[in-house]
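Residue numbers (the working numbering): 32 to 863.
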């Protein structure tokens, strides 16, 4: 071990930023406030001081809390130019420079506390979620903030209304969600006699889906009259591209109205509406039938010759009756009805753009003493192209539904429940089956290998199937589900990582294959690092005000798939009289809140666990450790649990490589004698162990017998197997041989070099997000989720033998009530 000298600090002081410096030395290890007080000799500090740690401003409120560690650089500058070179002791006006460094031999290492990374948290106001995105093993599933102009907030396109999004993103469902599908083609009306029908086409996206629970608003589609719908990739209820133009021109006798179709029209259709019906009333107050006559012509736009429609398809209108003689009439209607109705006609034309002319002609009438109700309006002009209205190849919901008083205008609140059928792997039988699944592992596997929405896929040979199966089993045991509508532009990496993050996983790479990284709390060690194969070890920490509670926002299936919010507490606080796990508590209520917005649909209990996990990461894993290694680190990847030893951090006592290992026959209680290439100092009376890293990567820990003094030879309690000359050895106090770290990032450099980022594998993280409360209350609706069901009363017993007598001989009447919980557990209650 190398001795450490007591830290000191050199203070370089200026009365103002451009004054000549003065130098004063203070003791290291103090708070900023204590250092400033020592430098000023106890005099008052100027109110216009600017204190920086590593070049970043530290608020005055933190001066008494922050203790800069060795490696920090602290400056204090007076913002004004007042004062002189002699006044720095009173105003502490210039620059305080504190540099305390520790160095180690060999590869070398330095320990950094509140340096640049730490101070940047003050300057940038770093939140818990922001810091976890950079440093955590599993980043929060927060909004991605893409750049597509049409995406906006997550689920904006498909979350509450049907939107028209031409050339935009085609959404698709992952797992199971309620979807407001975007409009795939312009809606149009079909008028048949006195009834009108909506024709609609919606895009349900990619995959192998099942659609159920179709609603318009909050009303099931089954409650509407005359509804037809189909879920298909080849719709038959909506087969053409229809452009519907509203004309709205009233027609009196002799009126001529012209309109123009859209380009490329192959069929023309018109609707003439009689809003009051069509009938006459005689002098005896009896009704009789009436007729209206029209002349309908068309011509290619830009020409002068009007043409008669040929091969007309009649829809209420018809040819002139032979008994009638109305010159020029080619469209005729005759009725006796007081109800509004529409009459139309359609005919095919060569593809092009056309002018359409409608003229109302005078029809036969009787006496002027009669009353004639014959008002009519040219309501609609439709331009039809005989083509598939959508060529995306995705699933469509086509609808034809009768218009009613409650159903008018355009349909914008059609929603449906969509479930995605994907491949699910059964490790026990080594087989795949297609089924509906909300397990994040298999949803991610589907996205990576076959989802049509992604342009590129990974081959099965490129995926570590065992890691996906491990994560699937863990997530199912935790009760996690993946439910998401992808309706905004993103990358495959962001989409898959965001999906996995909702179940506390992320995508990684192992042995050249894609794998799932997750924090099960039961990881096995895969590698041991010591100063023999590391350099540039650094520890940094971001100083942030951790929130005392999180406002977790998400889509809640139990709230009809609407936005919801719950409060997730840190330990030591209460909200509405209960603590983090729902137990009665008088602890203080939280004052510092942060919002964690999750881009997924999930239950309240999963949202609680996600929030608690990220609170635990910020609380128990604040330090970020980085180091470089050589070829020894090539087998380590993100998510691995590794052991690290270093003298600067006092992780382990010493290390070396094996020179020899032989059986020990002359030392009581020892089975082996180990000789290293380095001498290590141990203290008598303390229990030590050695950790041996073998050439295969296997790690074995063996107790040391008879420690004490400085030596490179050690007696071992057991003979380790498979140890070879040159294997790495770390010696430390038993149970403290090394520090266990979780690798959060790996970078590969030239010459087989590796760089690692890691956090401490604190065992308090995993239990922190287990055991959620029995009840969780929505902050939006006040609904209580998963509260216990009311118990069933199974018996009521009253009698003298139930009465109780106290010490004074006073009898109290009692009634025993037996109840059963839904689980079947029976208990007895007392009613006095």
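Ideal Cβ positions, reconstructed from N, Cα and C, are used throughout, including at glycine. What you are looking at is a predicted structure, and each value in this text was computed from that prediction instead of being measured.
Between residue i and the rest of its own chain, which residues show a CB-CB distance below 6 Å, the 5 nearest in sequence each way excluded?
| i | result |
| --- | --- |
| residue 382 | 295, 297 |
| residue 731 | 723, 751 |
| residue 467 | 450, 452 |
| residue 744 | 706 |
| residue 344 | 377 |
Taking the alpha carbon of residue i as the reference point, which residue from the options has its own alpha carbon closest?
| i | options | result |
| --- | --- | --- |
| residue 723 | 675, 697, 696, 451 | 675 |
| residue 579 | 588, 443, 71, 619 | 619 |
| residue 665 | 777, 499, 514 | 777 |
| residue 552 | 800, 286, 61, 789 | 800 |
| residue 550 | 76, 167, 88 | 167 |
| residue 492 | 631, 523, 546 | 546 |
| residue 485 | 522, 500, 461 | 522 |
| residue 742 | 710, 502, 813 | 710 |
| residue 765 | 718, 808, 590, 728 | 718 |
| residue 588 | 302, 210, 656 | 210 |
Taking just the CA atoms, how far does residue j sit from residue i?
| i | j | result |
| --- | --- | --- |
| residue 362 | residue 323 | 9 Å |
| residue 678 | residue 90 | 34 Å |
| residue 454 | residue 633 | 21 Å |
| residue 648 | residue 536 | 14 Å |
| residue 412 | residue 278 | 7 Å |
| residue 251 | residue 447 | 10 Å |
| residue 559 | residue 816 | 45 Å |
| residue 737 | residue 713 | 10 Å |
| residue 654 | residue 570 | 6 Å |
| residue 576 | residue 610 | 20 Å |
| residue 671 | residue 541 | 10 Å |
| residue 289 | residue 308 | 24 Å |
| residue 426 | residue 420 | 13 Å |
| residue 600 | residue 673 | 31 Å |
| residue 592 | residue 387 | 48 Å |
| residue 338 | residue 433 | 34 Å |
| residue 716 | residue 739 | 7 Å |
| residue 481 | residue 499 | 16 Å |
| residue 748 | residue 790 | 32 Å |
| residue 367 | residue 348 | 14 Å |
| residue 359 | residue 244 | 53 Å |
| residue 62 | residue 565 | 32 Å |
| residue 802 | residue 614 | 12 Å |
| residue 15 | residue 220 | Here the chain has residues from 32 to 863 only, and residue 15 is not among them. |
| residue 316 | residue 400 | 11 Å |
| residue 364 | residue 321 | 8 Å |
Helix, strand or coil for residue i, going by three-state DSSP, please let me know.
| i | result |
| --- | --- |
| residue 367 | coil |
| residue 681 | coil |
| residue 641 | helix |
| residue 528 | helix |
| residue 855 | At residue 855, the pLDDT of 36 sits below 50, so the modelled position is not reliable and the matter cannot be decided from this model. |
| residue 462 | strand |
| residue 360 | coil |
| residue 376 | strand |
| residue 418 | coil |
| residue 694 | strand |
| residue 305 | strand |
| residue 750 | coil |
| residue 507 | helix |
Going by beta carbon distance, what residues of the same chain come within less than 7 Å of residue i, once the five residues before and after it are set aside?
| i | result |
| --- | --- |
| residue 758 | 688, 689, 723, 724, 725, 726 |
| residue 669 | 539, 548, 774, 775, 776, 777 |
| residue 341 | 378 |
| residue 642 | 581, 583, 599, 627 |
| residue 534 | 471, 506, 511, 513 |
| residue 64 | 94, 95 |
| residue 779 | 785 |
Tell me whether residue i counts as near the ligand MN, meaning its Cβ is closer than 7 Å to at least one heavy atom of that ligand.
| i | result |
| --- | --- |
| residue 427 | Here there are no bound small molecules, and the ligand MN is not part of this structure. |
Once the 5 residues before and after residue i are set aside, which same chain residues still bring their CB inside 8 Å of it?
| i | result |
| --- | --- |
| residue 336 | 330 |
| residue 291 | 332, 384, 385, 386, 387 |
- prompt: Is there contact here, the stretch 374-391 with the stretch 243-256, by at least three beta-carbon pairs under 8 Å?
  reply: No, the stretch 374-391 is not in contact with the stretch 243-256.
query: Counting Cβ pairs closer than 8 Å, one from the stretch 586-600 and one from the stretch 753-769, do we hit at least three?
result: Short answer: they don't touch.
- prompt: Does the stretch 233-243 come within contact of the stretch 193-203, defined as at least 3 CB pairs closer than 8 Å?
  reply: By the criterion of at least three beta-carbon pairs nearer than 8 Å, the stretch 233-243 is in contact with the stretch 193-203.
message: Tell me whether the stretch 297-308 and the stretch 413-433 touch, counting them as touching only if at least three CB pairs, one residue from each stretch, are closer than 8 Å.
response: Judged by Cβ distances under 8 Å, the stretch 297-308 makes contact with the stretch 413-433, as three or more pairs qualify.
query: Is the stretch 354-374 touching the stretch 267-276 in the sense that three or more CB pairs, one from each, lie closer than 8 Å?
result: Taking 8 Å as the limit for Cβ pairs, the verdict is that the stretch 354-374 does not touch the stretch 267-276.
- prompt: Is the number of C-beta pairs between the stretch 468-483 and the stretch 511-518 that are closer than 8 Å three or more?
  reply: Flag = yes, the stretch 468-483 and the stretch 511-518 touch.
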